[in-house]
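A short worksheet on the structure shown next.
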Amino acid sequence: MNVETNNNLKLTIALAALENVIDPEIQLNIVDLGLVYEINFNDKEKLIHCRMTLTTQFCPMGESIQSETEQTLKNTFPGEDVIVELTFDPPWNHERISEEGKKFLC
Amino acid sequence: MIKSSTTTHYSAVVPFYVYAALCFLISSVILFYNHKNFTGPYFQPSILALTHLMALGWGTMIILGASHQLIPVLIERSLFSEKLAYLSFATAATGIPLLVYNFYYFHLGLGAQAGGILINIAVLTFLVNFIMSIANDKNDNIHSIFIFTAGLWLLITTLFGLLLLFNFTSNILPSGSLTYLSLHAHFGIAGWFLLLIIGVASRLIPMFLISKYTNKPLLKIIFYLINAGLLFFIFNFNFELNLTFIPIVFISVAVVLFIFYCYKTYSERIRKKVDNPVKLSLSSVVISVIPIIILCTTLGFKQHQNVVAYGFCIFFGWITSIILGMTFKTLPFIIWNKAYKNNRVKGNNLDPKNLFSQLNFNFMFIAYLAAFIIFITGIFLLSNLLLQTGAFFMIIAAIFYNLNVFKMVSHKVK
Chain P
914 MNVETNNNLK LTIALAALEN VIDPEIQLNI VDLGLVYEIN FNDKEKLIHC
964 RMTLTTQFCP MGESIQSETE QTLKNTFPGE DVIVELTFDP PWNHERISEE
1014 GKKFLC
Chain D
75 MIKSSTTTHY SAVVPFYVYA ALCFLISSVI LFYNHKNFTG PYFQPSILAL
125 THLMALGWGT MIILGASHQL IPVLIERSLF SEKLAYLSFA TAATGIPLLV
175 YNFYYFHLGL GAQAGGILIN IAVLTFLVNF IMSIANDKND NIHSIFIFTA
225 GLWLLITTLF GLLLLFNFTS NILPSGSLTY LSLHAHFGIA GWFLLLIIGV
275 ASRLIPMFLI SKYTNKPLLK IIFYLINAGL LFFIFNFNFE LNLTFIPIVF
325 ISVAVVLFIF YCYKTYSERI RKKVDNPVKL SLSSVVISVI PIIILCTTLG
375 FKQHQNVVAY GFCIFFGWIT SIILGMTFKT LPFIIWNKAY KNNRVKGNNL
425 DPKNLFSQLN FNFMFIAYLA AFIIFITGIF LLSNLLLQTG AFFMIIAAIF
475 YNLNVFKMVS HKVK
């Protein structure tokens, strides 16, 4: 798991919250699944920018995961705007799954 | 910014699933009441009707429904028109019973012809919708190519079928319609079902198993082998070359390569816990070998029960097992998205896999396997008792399948 950020303290809080966002098919949270690429915090504009992916562009649950990620960050950081950007560059691959995630899937 | 997959409205998808589920139940009942016909020659009104109900009402309807859902996620664009999806459903849903009812009573006149025309309109509508959806798409997506080509073969199958239907009453073709039945059947079996199932399963199975294995070149080889086999089959038929074994070898090699693809996908999976719907879908990959073995045997012996067993293995074996499995990996997500997409964080809600009863699924799974094994044994042993018992278990499997489908489509947010 390697998530880029400009604020490590806030990132820790955000990732702890995002561990509650579960991929409904795999039943694993999006952090251990390695779907979150980057979360940046713009304190001046009160804006959180999250760049994430899905296990596949074919994921029918994509909209749901994206909206739940957005809602979770809004709830964790009240008063801040949240943009969740979906990217497939680079595409997700199994190497992004954390050790805890791999244990869960076995 | 990339938008997440644009899903088709559930109302353009769910009716196909419901209709197909009912057709599976009706087919099982027809199988039960006509089980004795499976010891005789294959060209009988009840078998003709049953084959078309299974191929169109069950297999094709569910594939069209699932395709309306899958196309947007395959090509990352909205479906061109949901109205065309409704039109496709309405025309197919009217045409199929017209055709099947008239086949059952062997009335090959106006009613059956009207049914055939409506089915062709449904297929054409689906294809137009698909072509318009992928227009200007520059992605070299092997799965889209499989689906598109399968759709073309479906149109060829249904147009040719319509021609054969008119030929029964008007002598349009040089020979009688029965001469061309094997062409019509294999356009549908290999061109439509095989290409479509491989195209979709080669994407979905690795996705559900989270597999490290990918092999696009192998999928391309499979694609060329099936199409070359079909084209050679036409060539062989047209010029009476007596080289039927060549297309059989081409298509058999394609199936074996796909089994290899699935095996590698399975063995290199990260997700070790495999759920029952995926297990059932994988079992269909194994079942796909049985018709090929029967076909090879038929080449040598030409026994009529081989032909009947071949058809049964394809429609009630291979196609049914993959649909029974994949329904529970697609429909729960469609229903779940409809119910919880926008209110998931508000609290306590179900996971997609909890939208249907696991107990019903297990009963369905066991009843289906029993039905398939007993019925196929009954065909070879010419045993009415085994045929009747097998058909009875097929009805049980269809009832449990329907219970789960209706449980899902009637789900309400609590």
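Keeping their order, the protein sequence lines are chains P and D.
Residue numbers in the first sequence follow our numbering, run continuously in steps of one, and reach 1019 at the last position.
Residue numbers in the second sequence follow our numbering, run continuously in steps of one, and reach 488 at the last position.
Just so it is clear, CB atoms sit at the ideal spot from N, CA and C, and this is done for glycine as well.
Note that the structure is predicted; figures quoted are calculated from it, not measured.
Taking the beta carbon of residue i as the centre, do at least 16 other beta carbons fall within 10 Å, making it buried, or is it exposed?
i          : result
D:Thr-404  : buried
D:Val-197  : buried
D:Thr-165  : buried
D:Gln-187  : buried
D:Tyr-337  : exposed
D:Ser-101  : buried
D:Leu-460  : buried
D:Met-206  : exposed
P:Asp-945  : buried
D:Lys-347  : exposed
D:Asn-380  : buried
D:Ser-341  : exposed
D:Asn-316  : exposed
D:Gln-432  : exposed
D:Ser-249  : exposed
D:Cys-97   : buried
D:Lys-58   : An answer regarding residue 58 of chain D cannot be provided, because it is not within the stretch 75 to 488 covered by chain D.
P:Gln-970  : buried
P:Glu-1008 : exposed
D:Asn-194  : buried
D:Gly-114  : exposed
D:Asn-312  : exposed
Whole angstroms are fine: how far does the CA of residue j sit from the CA of residue i?
i          : j         : result
D:Gly-190  : D:Phe-106 : 26 angstroms
D:Thr-168  : D:Leu-226 : 22 angstroms
P:Glu-976  : D:Ile-388 : 36 angstroms
P:Thr-1000 : P:Asn-920 : 21 angstroms
P:Ile-1010 : D:Tyr-287 : 16 angstroms
D:Leu-182  : D:Phe-117 : 14 angstroms
D:Tyr-84   : D:Leu-247 : 42 angstroms
D:Thr-223  : D:Ser-484 : 35 angstroms
D:Leu-104  : D:Gly-235 : It should be pointed out that residue 104 of chain D corresponds to Ile in this sequence rather than to Leu. Near 22 angstroms, if we compare the C-alpha coordinates of D:Gly-235 and D:Ile-104.
D:Tyr-475  : D:Gly-131 : 15 angstroms
D:Leu-305  : D:Ala-129 : 22 angstroms
P:Glu-1013 : P:Val-949 : 16 angstroms
D:Phe-407  : P:Ile-952 : 28 angstroms
D:Leu-127  : D:Trp-392 : 16 angstroms
D:Ser-155  : D:Val-88  : 16 angstroms
D:Ile-368  : D:Ser-251 : 24 angstroms
D:Ser-358  : D:Ser-395 : 5 angstroms
D:Val-360  : P:Ile-926 : 48 angstroms
P:Val-916  : P:Leu-922 : 13 angstroms
D:Met-75   : D:Thr-82  : Note on D:Met-75: pLDDT 48, under 50, position unreliable in the model; the coordinate value appears next. Rounded to whole angstroms, D:Met-75 to D:Thr-82 spans 20 angstroms at the Cα level.
D:Leu-229  : D:Ile-170 : 15 angstroms
D:Leu-42   : D:Ser-244 : Outside the modelled stretch of chain D, which goes from 75 to 488, sits residue 42 of chain D, for which no answer is possible.
P:Asn-933  : P:Gln-984 : 11 angstroms
D:Leu-477  : D:Leu-293 : 36 angstroms
D:Ile-470  : D:Tyr-442 : 8 angstroms
Identify every residue that forms a DSSP beta bridge with residue i.
i         : result
P:Met-965 : P:Val-949 and P:Leu-999
D:Ser-285 : D:Arg-343
P:Thr-918 : P:Ile-952
P:Asp-994 : P:Leu-960
P:Asn-942 : P:Ile-935
How would you list, in chain order, the residues of chain P whose beta-carbon sits under 8 angstroms from the beta-carbon of residue i?
i         : result
D:Phe-407 : Pro-937, Glu-938, Pro-973 and Met-974
D:Tyr-414 : Ser-977
D:Thr-339 : Near D:Thr-339 there are no residues of chain P at all, since even the closest Cβ is about 13 angstroms away, more than 8 angstroms.
D:Asn-203 : In chain order: nothing, as chain P lies at least about 19 angstroms away.
For residue i, verify whether its CB is less than 6 angstroms away from any heavy atom of the ligand FAD.
i         : result
D:Thr-401 : In the structure shown, the ligand FAD is absent, as is every other ligand, since no ligand is present at all.
Could you tell me how far apart the beta carbons of residue i and residue j are, in whole angstroms, since I believe they sit closer than 8 angstroms?
i          : j         : result
P:Leu-1017 : P:Leu-941 : The amino acid occupying residue 1017 of chain P in the given sequence is Phe; Leu does not appear at that position. With a Cβ gap of about 6 angstroms, P:Phe-1017 and P:Leu-941 count as contacting.
P:Lys-959  : P:Glu-993 : 5 angstroms
D:Met-400  : D:Pro-365 : About 19 angstroms; that fails the 8 angstroms criterion.
D:Phe-90   : D:Ile-136 : 6 angstroms
D:Phe-465  : D:Phe-449 : Here residue 465 of chain D is Ala; the residue named in the question, Phe, does not match the sequence. Contact flag correct, Cβ pair sits at about 6 angstroms.
P:Val-997  : P:Met-974 : Wrong, their Cβ atoms sit about 14 angstroms apart, outside the cutoff.
So which residues of chain D does residue i contact, with C-beta pairs closer than 9 angstroms?
i          : result
P:Cys-1019 : Ile-344, Arg-345, Lys-346 and Lys-347
P:Lys-1015 : Ile-344
Run through chain P and tell me which residues come within less than 9 angstroms of residue i, C-beta to C-beta.
i         : result
D:Ile-284 : Ile-939, Thr-968, His-1007, Ile-1010 and Leu-1018
D:Met-281 : Glu-938, Thr-968, Thr-969, Phe-971 and Cys-972
D:Thr-81  : Pro-973, Gly-975 and Glu-976
D:Pro-426 : Pro-937, Glu-938 and Met-974
Interface residues of chain P around residue i at Cβ under 7 angstroms?
i         : result
D:Met-128 : The premise fails here: D:Met-128 is roughly 27 angstroms from chain P at the closest Cβ pair, so nothing lies under 7 angstroms.
D:Trp-410 : Pro-937
Mind listing the chain D neighbours of residue i? Cutoff is C-beta to C-beta under 7 angstroms, in chain order.
i         : result
P:Lys-959 : Those within 7 angstroms of P:Lys-959 in chain D number zero; the least Cβ separation is about 20 angstroms.
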